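In the numbering used here, the protein residues as written are 36 to 179.
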Amino acid sequence: MVHALTEAHRVLASPGLLLDLRPDRDPGGRRAKPLDTYVVIRGSDVEAGALVETPSYYADFVAGDRAVEQVIRKHLLALQAVEIFRLRWYFRTLDILEQTLVEDWTGTDLPASVRGRLTSLLNAHPNAQIAVTETFRLNVLRKR
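Next comes the structure, spelled out in structure tokens:
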């Protein structure tokens with residue numbers, strides 16, 4: 036990622052902006068924030084547990100933070116603003132969620148306990164859907 040940020044600096048006109056959008060870490064920075072999982076029943080969220088990031092995927096979080104810190108230290112880019120917010124995804128079925136985990140969210144695991152809770156809630160409420168939330172960080176960087 037350092038190379039990508041350096042290349043972005045090279046092609047940006049001054050004082051161009053670079054937007055860095057990615058999943059955020061927990062406040063202590065020790066691990067990825069959990070992806071809270073709910074079943075939405077008639078407009079109300081019923082908690083089902085949390086999806087978890089795999090340790091190898093979490094290394095990407097750390098590398099991303101370090102890359103941003105490095106280009107700031109080198110005075111290539113200056114941090115102008117940071118926004119932290121939650122994104123929410125909806126899945127009509129457990130099969131669709133599991134397919135997404137296999138094909139797109141490859142660094143995320145669905146614990147057996149969460150799968151069981153989702154199955155139970157969806158069986159009891161066939162018209163419900165699954166919602167997954169994740170905390171994201173948007174860094175706004177300006178070329179120096």
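Think of the CB as a built atom: it goes at the ideal place given N, C-alpha and C, for glycine as much as any other residue.
Please read these numbers as outputs of a predicted model, since none were measured by experiment.
| Check | Outcome |
| --- | --- |
| Cβ shell of Leu-132 (< 6 Å), same chain only, five flanking positions each side left out | Phe-126 and Ile-165 |
| Supposed close pair Leu-129, Leu-157 - CB separation, criterion 8 Å | 6 Å |
| Bounding residues of the alpha helix (DSSP H) (the contiguous stretch that carries Gly-99) | 90 to 108 |
| Cβ pair Leu-176, Leu-56 closer than 8 Å | no |
| Selection from Pro-58, Glu-42 and Arg-123 that minimises the alpha carbon distance to Ala-180 | Residue 180 lies beyond the range of the chain shown here (36 to 179); nothing can be said about it. |
| Exposure of Thr-141, with buried meaning 16 or more beta-carbon neighbours within 10 Å | exposed |
| Residues that DSSP places opposite Asp-80 in a beta bridge | Val-75 |
| Coarse secondary structure for Leu-47, derived from DSSP in three states | coil |
| Range of the contiguous alpha helix (DSSP H) that encloses Asn-158 | 147 to 159 |
| Meets three-Cβ-pair contact criterion under 8 Å: the segment 74 to 86 and the segment 39 to 53 | no |
| Rounded separation between Pro-69 and Ala-163 - CA only | 22 Å |
| Same chain, Cβ closer than 7 Å to Gly-84, five either side skipped, listed in chain order | Thr-72, Pro-146, Ser-148, Val-149 and Arg-152 |
| Distance between Ser-91 and Arg-108 (C-alpha atoms, nearest Å) | 26 Å |
| First through last residue of the alpha helix (DSSP H) which encompasses Asp-130 | 129 to 138 |
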